[in-house]
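S.K.: In terms of the numbering used here, the numbers along the sequence shown are unbroken and rise by one, the last being 1050.
Every residue gets a Cβ at the ideal spot worked out from N, C-alpha and C, and that includes glycine.
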Amino acid sequence: MNVEIAPGIHRIDTPLGERRCSVYLLAGSDSALLIDTGLAGSVESAILPELDRLGVEPERVRLVLISHADIDHCGDAEAAKRAFPRALLACHHADAAEIGSLEAMIERRYGQFATEHGLVDSAETLAWYRAAGRFAEPDLLLAGGESFALGSGWTVDLLHVPGHSRGHLALWDPHSRAAIVIDAALGRTLPTRSGEPAFPPTYRDVDDYLTTLDRLAALEPELVLTAHYSTMDRTSGMVFLDESRGFVADAEAEVLDALGNSLSSTIEVLQRVGPALGAWPVDTVLAALAFPIVGHLERLEAVGRVRRRHDADGLAAWEAT
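Shown next, in the form of structure tokens:
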């Protein structure tokens, strides 16, 4: 499904099971810019048919911007390089290693909680990663602050908005006052297409995430455009950003409440806080919940409110100070 959100800005849905996953095409008079590729197969099945329907030739796409290091956002990068022969594949330098290599993505992003926290992906999950990702090396590394001219005076600005990942990027269109934030803000739960809770907001670096939320709110956007939620106008977008901040505050409070004077493993902390934070099937979302909760544990450790120990197997265990 394609929707023109604002003049020249098109939202294109790509396959992601029961959840929405949208990419964005910005079609200017001189050139076009594509934000994200979706999972493997999305370029052929969803993106190219919409470009054809819109009358946008693949040669007009001059930049394929990967917002951040997650398979549902860069999994069809290899096909995008073939489909858009004049385009550069671009991302932030902080996410470049994972975006350029599926194995680096599996090890450094999805596998980061294995050694110290005991959260190991199943064989089925690993097989899904490898089936869903057809990665490619980026051609252009960005830092945020760059601008891209699309023709007829239309220029959009690149924002570095870390938190969900170190190198997450967003686009700001001053003309329509649309903020294309993708996963830079994540509300209180990622929903299915029918609105049911799917799994928790997966920010990783708490302070960076809060700074990003404040920066996006300061723009006072007329449109907030994400990958996994419906299009939001100014009112609903500001509510969404407030809800994102509210989840952060609640998560930190629940982490502190879950810790007593005895040591608790990371998995035990996740199992305690999960039901209080959202109506997800906790046993199936532990790896996702680890992103924000380990982030909070590390943040609390840095200010001396939580102490980290290690058990005989080298796994982290936590207690309140």
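Ignoring anything shorter than 3 residues, give me the beta strand (DSSP E) runs that lie fully in the stretch 775 to 824, in order along the chain.
M.R.: Runs found: 790 to 794, 817 to 821.
S.K.: Can you grab the Cα-Cα spacing for the pair R895 / P787, in whole Å?
M.R.: Each residue's Cα considered, the two are about 30 Å apart.
S.K.: To the nearest angstrom, how far is it from the Cα of A756 to the Cα of R789?
M.R.: Between A756 and R789, the C-alpha separation is close to 8 Å.
S.K.: Report the rounded CA-to-CA distance for E1027 versus R837, giving the unit in angstroms.
M.R.: Distance between the alpha carbons of E1027 and R837 is about 17 Å.
S.K.: Which residues share a DSSP beta bridge with E733?
M.R.: DSSP, once it has assigned bridges, lists H739 as partnering E733.
S.K.: Under a three-way DSSP split, which group does T884 fall into?
M.R.: Strand at T884.
S.K.: I'd like the list of long-range same chain contacts for R1038, defined as Cβ closer than 8 Å, with 5 residues on each side in sequence excluded.
M.R.: Same-chain partners within the cutoff: L992, A1045, A1046, W1047, E1048.
S.K.: Less than 8 Å separating the beta-carbons of L888 and A899?
M.R.: Yes, these two residues count as a Cβ contact at 8 Å.
S.K.: Compute the beta-carbon to beta-carbon distance between V953 and V910, rounded to the nearest angstrom, for a pair I have assumed lies under 8 Å.
M.R.: Yes, V953 and V910 are in contact; Cβ-Cβ is about 6 Å, under 8 Å.
S.K.: Would E951 and S905 qualify as a contact pair, given that the criterion is a beta-carbon distance under 8 Å?
M.R.: The answer is yes: Cβ separation under 8 Å.
S.K.: Assign R1036 to one of three DSSP states: helix, strand, or coil.
M.R.: Note: R1036 maps to strand in three-state DSSP.
S.K.: Which same chain residues end up closer than 8 Å to G916 when comparing Cβ atoms and leaving out the 5 residues on each side of it in sequence?
M.R.: The residues are P930, Y958, F969, E972, S973, F976.
S.K.: What does V752 pair with, by DSSP beta-bridge criteria?
M.R.: The partner list for V752 (beta bridge, DSSP) reads I741.
S.K.: DSSP three-state call for V953: helix, strand or coil?
M.R.: Note: V953 maps to strand in three-state DSSP.
S.K.: Does DSSP put D962 in a helix, a strand or coil?
M.R.: Reduced to three states, the DSSP call for D962 is strand.
S.K.: Give me the Cα-Cα distance between D902 and L919, rounded to the nearest whole angstrom.
M.R.: Their backbone Cα atoms lie some 25 Å apart in a straight line.
S.K.: Would you call the stretch 932 to 950 and the stretch 983 to 1000 touching, i.e. three or more CB-CB distances under 8 Å?
M.R.: These segments do not touch.
S.K.: Please classify R749 as buried or exposed, where buried requires at least 16 other C-beta atoms within 10 Å of its C-beta.
M.R.: R749 comes out buried.
S.K.: Does DSSP put V910 in a helix, a strand or coil?
M.R.: Here V910 sits in strand by DSSP.
S.K.: Give me whichever residues DSSP pairs with S993 in a beta bridge.
M.R.: In DSSP, S993 forms a bridge with W1047.
S.K.: Going by DSSP in three states, F976 sits in which element: helix, strand or coil?
M.R.: Looking at F976 - three-state DSSP - the assignment turns out to be helix.
S.K.: Check whether the Cβ atoms of A907 and A735 sit closer than 8 Å, and answer yes or no.
M.R.: The answer is yes: Cβ separation under 8 Å.
S.K.: So, does the stretch 774 to 784 touch the stretch 814 to 827, judging by three or more C-beta pairs under 8 Å?
M.R.: In short, these stretches do not touch, since the Cβ pair count stays below three.
S.K.: Rounded to whole angstroms, what's the CA-CA distance from C803 to V1002? Just pull it up for me.
M.R.: Taking the straight line from one Cα to the other gives about 31 Å.
S.K.: Given L999, which residues of its chain have a CB within under 8 Å of its CB, disregarding the five upstream and five downstream residues?
M.R.: The residues are V1011, L1015, L1018, A1019, I1022.
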